[in-house]
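K.L.:
The following block contains the structure, expressed as structure tokens.
Structure, rendered in structure tokens:
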């Protein structure tokens, strides 16, 4: 077989693999919407997609390993039913081994929560506000640094949940979990001080002053993420010094 023929054959095989993957993914996407749904047999799927049973078996096994499918007693696989809590725990474990630094999660918490402020202002109501005030009271009543840290993060997660979008709340929750775990932040500050900053967030929230809400949140992040606050301060100083030098150089 000539080199050109080998290359052409390899290209055809890759194209066939890609076509199978696309068709199989589309099929599985429809199945995922039906928790508990039992997939067709390997033979039926092989016939459906025009591939070998081995190729189908490998694709299904990968989904079983990923926890998306589960094997049933008498053969075959069904779509797993995953609760929001299971989803969060599984994603949290994967993020723990993803090699991302704590700083990225801290920035994500700040960016996500501050970015949600306009939506939160639009959707907050007396009932949701009461729930947030209860979380603030928990911050003020916390006795140990660990309890204070947990209470503050619960407040931030609860604030994001006002949006009502479960995916957004999940993203914030995961970022908060990871940021809290990467550094053992000892919030040795007076719990009354932490609670006061949290109340400041709610106060400005009810007044509808978006910029003030963000400012209060940044103050809170400065207390919760001290290393991030130091880094931001250093970056601001460096930027200011560069601007000053540029201004002097232009004269």
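Residue numbers (UniProt numbering): 1 to 251.
Where is the CB? At the ideal position from N, CA and C, for every residue including glycine.
Provide the residue span of the beta strand (DSSP E) that contains residue 210, from first to last.
P.N.:
First-last for residue 210: 210-224, but that is the alpha helix (DSSP H), not the beta strand (DSSP E).
K.L.:
Would you list, in sequence order, the uninterrupted alpha helix (DSSP H) runs of no fewer than 4 residues that lie entirely inside the region 153-189?
P.N.:
The qualifying runs are 166-182.
K.L.:
Check whether the Cβ atoms of residue 24 and residue 59 sit closer than 8 Å, and answer yes or no.
P.N.:
yes
K.L.:
Distance, Cα to Cα, residue 22 vs residue 28?
P.N.:
10 Å
K.L.:
What is the DSSP secondary structure of residue 257, counted as helix, strand or coil?
P.N.:
Coverage of the chain is limited to positions 1 through 251, which leaves residue 257 absent and any answer about it impossible.
K.L.:
With DSSP as the reference, identify every bridge partner of residue 78, one or two as the case may be.
P.N.:
38 and 70
K.L.:
By how many angstroms is the C-alpha of residue 122 removed from the C-alpha of residue 111?
P.N.:
18 Å
K.L.:
Measuring only the C-alpha atoms, how far is residue 201 from residue 17?
P.N.:
53 Å
K.L.:
Considering Cα atoms alone, identify which of 96, 167 and 199 is closest to residue 152.
P.N.:
199
K.L.:
Does the beta-carbon distance from residue 179 to residue 106 come in below 8 Å?
P.N.:
yes
K.L.:
Say whether the region 36-50 touches the region 66-83, bearing in mind that this needs 3 or more beta-carbon pairs closer than 8 Å, one atom from each stretch.
P.N.:
yes
K.L.:
Straight-line CA distance for residue 56 to residue 42?
P.N.:
6 Å
K.L.:
Quick one, which of 93, 168 and 194 has its alpha-carbon nearest residue 143's?
P.N.:
194
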